[in-house]
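Student: Residue numbers for the sequence shown follow our numbering, beginning at 821 and rising by one. Okay, here's the structure, questions in a sec.
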Amino acid sequence: MDEDDEELEAELRELEREKRELEALEHGETLEDGGESSKSESASASQFQELYDTILSHTSPSTPKHELPRHSALYHLAKAVSTKDQAELLPAIVKQWRQSSLPISVLVCDKLIRAVCKAGSPETAVELLGDRETYGLAPGQSAMRRAIRSFVKEVSAAGEGSEEALEMLDGAFKVMALIPYYNLAADDASVYANLIRGSLLYGGEEGLRRAAVTMDEYLLIDGEREKPLTRRRAAEVVAAAEQLSKAYETKGDSDKVQELQKHISEWKKSL
């Protein structure tokens, strides 16, 4: 299994977990026993604070080099994040970490982005990714996908047409704009599919406009693609395109529907 396949497997497991969480919430349930969950959250909060305080005290300007924390400390801190409040504390500690000239690997960077997104704070991901000089992150492709997917999840939670949903949608597009900044693949089918899906979740004329513009841009890129889409990426694009096609149909734009269906037929050949 190559690196991209491992990323895909991890993303699918995370999506399945999110799906089960949403289904449980709809039935007034949780995936874990309430008492055990409460104990686990308390232990996690205690662990996070202990790790945070240790890193903070050992990365001050006066810290001798032999007392600097192990490079894995930041990874373990990210792993301990369980709440939005904790996620929002990370930029300050990452800044101090970098001021101590400590490295941040792609693995740790991706763990940081995953942690803040899982905690429901994709805005923190944009803060970390948007200031390369301060935070010095080197994200992988999966981190950008995850941040965009997290914003799209927040669009859905905020509600169609709401101001908060629009802010979350803007956040997703900001992450997309950062992809070339890190010399990552700008033709990522998953990124475009999720932006289209998020735009349609926002709804209205603005949502449809953004979805249409994003699809048009993707079609230009897709026409220059040398390698066919993987099965999973093709499935993402097809799902987003079919949603957009339905939106065009609702609007009565038969020409757009017909044109998009031709592309959908081609993408389905990769399924």
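From the three backbone atoms N, C-alpha and C, an ideal C-beta is built for every residue, glycine too. All of these numbers come straight from a predicted model, not from anything done at the bench.
Between residue 1006 and residue 999, which are expected to be in contact by the criterion C-beta below 8 Å, what is the C-beta distance as a whole number of angstroms?
Tutor: 6 Å
Student: Alpha carbon to alpha carbon, how far is residue 1055 from residue 1085? Give it in angstroms, no decimals.
Tutor: Straight-line Cα distance between these residues: approximately 12 Å.
Student: My understanding is that residue 962 touches residue 930, with C-beta atoms under 8 Å, so please give their C-beta distance in whole angstroms.
Tutor: 6 Å
Student: How big is the Cα-Cα spacing for residue 902 and residue 1008?
Tutor: 29 Å
Student: With residue 1033 as the anchor, note down where its alpha helix (DSSP H) starts and where it stops.
Tutor: 1024 to 1043
Student: Whose C-alpha, out of 1012, 952, 947, 1019, is nearest the C-alpha of residue 975?
Tutor: Nearest in C-alpha terms to residue 975, of all of 1012, 952, 947, 1019, is 1019.
Student: Given this structure, state the Cα-to-Cα distance separating residue 1048 from residue 987, to the nearest angstrom.
Tutor: 34 Å
Student: So the candidates are 876, 1014, 1063, 1071; which of them puts its Cα closest to the Cα of residue 909?
Tutor: Answer by Cα proximity: 876.
Student: Residues in its own chain within less than 7 Å of residue 1024 by CB, not counting five upstream and five downstream?
Tutor: 981
Student: Quick one: give me the first and last residue of the alpha helix (DSSP H) that residue 1083 is part of.
Tutor: Taken as a continuous stretch (DSSP letters only), the alpha helix (DSSP H) holding residue 1083 covers 1074 to 1087.
Student: How big is the Cα-Cα spacing for residue 1074 and residue 1068?
Tutor: 7 Å
Student: Does the Cβ of residue 1058 have 16 or more other Cβ atoms within 10 Å, making it buried, or fewer, making it exposed?
Tutor: Residue 1058 is buried by the Cβ-count criterion.
Student: Here's a check: name, in chain order, each residue in its chain whose Cβ is nearer than 6 Å to the Cβ of residue 907, leaving out the five neighbours to either side.
Tutor: 901, 936, 939, 941, 944
Student: Just how far apart, CA to CA, sit residue 959 and residue 949?
Tutor: Taking the straight line from one Cα to the other gives about 8 Å.
Student: Would residue 1015 be called buried (16 or more neighbouring beta carbons within 10 Å of its own) or exposed?
Tutor: buried
Student: Is it true that the CB of residue 955 sits closer than 7 Å to the CB of residue 995?
Tutor: Not closer than 7 Å, so no.
Student: Apart from the five residues on each side of it in sequence, which residues of its chain come closer than 8 Å, Cβ to Cβ, to residue 859?
Tutor: Reliability fails at residue 859, whose pLDDT of 49 lies under 50, so the model's placement of it is uncertain and the value that follows must be treated cautiously. For residue 859, where only same-chain residues beyond five positions count, there are no Cβ hits under 8 Å.
Student: Could you compute how far the alpha carbon of residue 889 sits from the alpha carbon of residue 896?
Tutor: 12 Å
Student: Roughly how many whole angstroms lie between the Cα atoms of residue 1030 and residue 1001?
Tutor: C-alpha of residue 1030 to C-alpha of residue 1001: approximately 22 Å in a straight line.
Student: Note down, in chain order, each residue of its chain lying with its Cβ closer than 6 Å to the Cβ of residue 853, except the 5 sequence neighbours on either side.
Tutor: A caution first: residue 853 carries a pLDDT of 47, below 50, which makes its placement in the model too unreliable to give a value.
Student: Does DSSP put residue 845 in a helix, a strand or coil?
Tutor: With a pLDDT of only 46 at residue 845, under 50, the local geometry of the prediction cannot be trusted, and the value read off the model is given with reservation. Residue state, collapsed to three classes: helix.
Student: According to DSSP, is residue 957 part of a helix, a strand, or is it coil?
Tutor: coil
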